[in-house]
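To start, the structure under review is shown below, and the notes come after it.
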């Protein structure tokens with residue numbers, strides 16, 4: 015912490031076996047004290063998609079594992095991502111084995127839309143795992159997000175958002 019924050023102290027009662035497990039966790043993770051670990055756990059809990067409002071702008075990931083041999087599944091997953099192109103920053107595709115692929119989609123946008131995309135992915139036949147994880151909540155630009163889904167100014171054209179799928183030179187997907 016660069017700046018001193020006002021801290022509020024409060025007591026928490028734990029059953030002995032639970033605090034022993036927590037202390038082991040703290041040591042394994044390299045925390046200096048219980049307070050640091052507890053603050054991180056609270057922050058993580060507050061970023062759970064279920065704890066946030068649908069209208070909030072967030073950034074995070076959708077992680078999925080799927081069987082690419084299921085008929086038309088890779089095509090359907092690509093179509094879903096193209097439909098949500100305004101909320102997708104990037105993705106990474108990894109071949110886990112002969113049958114299964116892991117895909118990590120970096121997303122940023124309205125939580126309601128991201129939840130909808132996650133649900134559409136999750137229910138596809140052949141998707142073995144799908145999880146939406148939120149890592150950032152954009153509280154400051156909540157109202158400004160109506161103008162740009164990326165929440166930054168494109169007028170200066172200082173950032174390049176090159177995407178070969180959007181390029182006029184691109185002839186295939």
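Numbering (our numbering), first residue to last: 15 to 187.
Ideal placement from N, C-alpha and C gives every residue a C-beta, glycine not left out.
- Rounded to whole angstroms, the Cβ separation of residue 94 and residue 148 is 19 Å, and the two are not in contact under 8 Å.
- The way I'd put it, the region 127 to 137 doesn't touch the region 47 to 56; fewer than three beta-carbon pairs between them come closer than 8 Å.
- CA-CA distance, residue 96 to residue 87, rounds to 14 Å.
- A distance of 9 Å or more separates the beta carbons of residue 81 and residue 122.
- Annotated as distal: residue 83 and residue 125, with beta-carbon spacing of 9 Å or more.
- For the pair residue 91 and residue 43, the Cα-to-Cα distance works out to about 36 Å.
- Restricting attention to alpha helix (DSSP H) runs no shorter than 4 residues, the region 38 to 109 encloses them at 48 to 60 and 87 to 97, ordered along the chain.
- In the displayed model, residue 30 falls within a helix according to three-state DSSP.
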